[in-house]
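Undergrad: The numbering of the sequence shown is this note's numbering, which starts it at 17 and goes up by one.
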Amino acid sequence: MAQVSLAPTGRPAWMRLIPAVFVLLWSTGFIGAKFGLPYAEPLTFLLIRLSLVAAVLAAVALVTRAPWPRRWSDALHIVVAGLLVHGVYLGGVFTGIANGLPAGVAALIVGLQPLLTAAASGRVLGETVSARQWLGLALGLCGVLLVVWENLSLQAGYLSGVALCVAALVGISVGTLYQKRFCGGMDLRSGTALQYAATSVVLLVLAMRFETMEVRWTGEFLFALAWLGLVLSVGAVFLLYILIRRGAAAQVASLFYLVPPATAVIAYLMFDERLGIPALAGMALAVCGVALVNRRR
């Protein structure tokens, strides 16, 4: 397994745990989505989740006197990054799972982010992309094809779920690069509140257009909403932005290749989602591909 260093030597021990905690928390997002989606349509679920978190973070930012963007251009960059990371990514994953795509497969598709980010970072951030990294990209794509092929269904819902998760993959990859390049000085409290608020507006328009917006306020739904809202939308996203700020884009993205295995294990334990030998082989190929992309010379 490739070793990823996101910090200089001498950082407090608890800081070194951030990548592992981030991977664990991020993996539970796919499980939380499947847990809560039976009680609300995907865009409506996301709208409630993100608008509540936006209100909480805005209040925290005001109470703690967090700085807000001083220029319209800075605010625009923050909003664009938020729409990509939260709107396109979360919207694609939630609607994909709502269409019947297994959580483990959804996690694996969007888990190709390290490969896509590494390939794009050369042009966007000036990082060199070697022949070895391109080989890693090809291996990762083959791995995803194996997993998707084993679970392939000709049902329109399944195929649309795959397409939606591919869109989510592009959103989180482009959003990570955009956040790294244009939002390095963003205050996590005010900036994230702004991102969630802007994304909520877009989700409201889409939900009113395409969904009934009916919600069954069960205990399971409230638990999923609380977990995804507080632990994921605040805790995991804050950790992601800290990692983006402190590490290279390819290094940060490399953490995502650990998400599909973790999600698959949790999905097996909670929902009895099984991945056969071809799918496991595909997952191994994806891991090897990302290891090649991020291996030190």
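Just so it is clear, CB atoms sit at the ideal spot from N, CA and C, and this is done for glycine as well.
Pair every Cβ in the region 145 to 164 with every Cβ in the region 70 to 85, then say whether three or more of these pairs are closer than 8 Å.
TA: no
Undergrad: Using the beta-carbon count (16 or more within 10 Å), is residue 46 buried or exposed?
TA: buried
Undergrad: Between the Cα of residue 112 and those of 150, 155, 185 and 151, spot the shortest distance and give me the residue it belongs to.
TA: Among 150, 155, 185 and 151, the Cα nearest to that of residue 112 belongs to 185.
Undergrad: Taking just the CA atoms, how far does residue 203 sit from residue 25?
TA: Unreliable positioning characterises residue 25 in this predicted model, as indicated by a pLDDT of 45, which lies under 50. The coordinate reading is nonetheless provided below. If you take the alpha carbons of residue 25 and residue 203, they lie about 25 Å apart.
Undergrad: What did DSSP end up calling residue 56 once you bin it into helix, strand or coil?
TA: In the structure shown, residue 56 adopts extended strand secondary structure according to DSSP, grouped into three states.
Undergrad: So, is the C-beta of residue 33 closer than 7 Å to a C-beta in chain C?
TA: As a matter of chain content, chain C is missing from the structure shown, which is built from one protein chain.
Undergrad: Residue 181 and residue 108 - do their beta-carbons sit closer together than 7 Å?
TA: yes
Undergrad: Within a Cβ cutoff of 8 Å, which residues of the same chain sit near residue 251, ignoring the five residues on either side of it in sequence?
TA: 41
Undergrad: How long is the line joining the alpha carbons of residue 253 and residue 200, rounded to whole angstroms?
TA: 15 Å
Undergrad: Can you grab the Cα-Cα spacing for the pair residue 195 / residue 162, in whole Å?
TA: When rounded, the distance between both Cα atoms is 31 Å.
Undergrad: Contact defined as beta carbons within less than 8 Å: I believe residue 246 pairs with residue 52. What is the distance between those atoms, to the nearest angstrom?
TA: Not confirmed; about 14 Å, so no contact.
Undergrad: Pick out whichever of 118, 99, 103 and 55 has its Cα sitting closest to the Cα of residue 177.
TA: 118
Undergrad: Looking only at its own chain, which residues have a Cβ that is under 7 Å from the Cβ of residue 278, when we skip the five neighbours before and after it?
TA: 39, 40 and 43
Undergrad: Between residue 102 and residue 66, what straight-line distance do the alpha-carbon atoms span, to the nearest angstrom?
TA: When the Cα atoms are used, residue 102 and residue 66 turn out to be separated by approximately 9 Å.
Undergrad: Give the single residue among 294, 308 and 307 whose Cα lies nearest to the Cα of residue 160.
TA: 294
Undergrad: Could you compute how far the alpha carbon of residue 36 sits from the alpha carbon of residue 48?
TA: 19 Å
Undergrad: Looking only at its own chain, which residues have a Cβ that is under 6 Å from the Cβ of residue 213, when we skip the five neighbours before and after it?
TA: 70
Undergrad: What does the alpha-carbon distance come out to for the pair residue 158 and residue 302?
TA: 7 Å
Undergrad: Can you give me the C-alpha to C-alpha distance between residue 234 and residue 55, rounded to a whole angstrom?
TA: 7 Å
Undergrad: To the nearest angstrom, how far is it from the Cα of residue 300 to the Cα of residue 122?
TA: 16 Å
Undergrad: Take residue 255 as the anchor and find which of 205, 76 and 197 has the nearest alpha-carbon.
TA: 205
Undergrad: Can you give me the start and stop residues for the alpha helix (DSSP H) that residue 206 sits inside?
TA: 204 to 226
Undergrad: Which residue's Cα is closest to the Cα of residue 282: 34, 33 and 50?
TA: 50
Undergrad: Below 8 Å on the Cβ atoms is my guess for residue 191 versus residue 257; work out the distance and round it to an integer in Å.
TA: Contact flag wrong, Cβ pair sits at about 11 Å.
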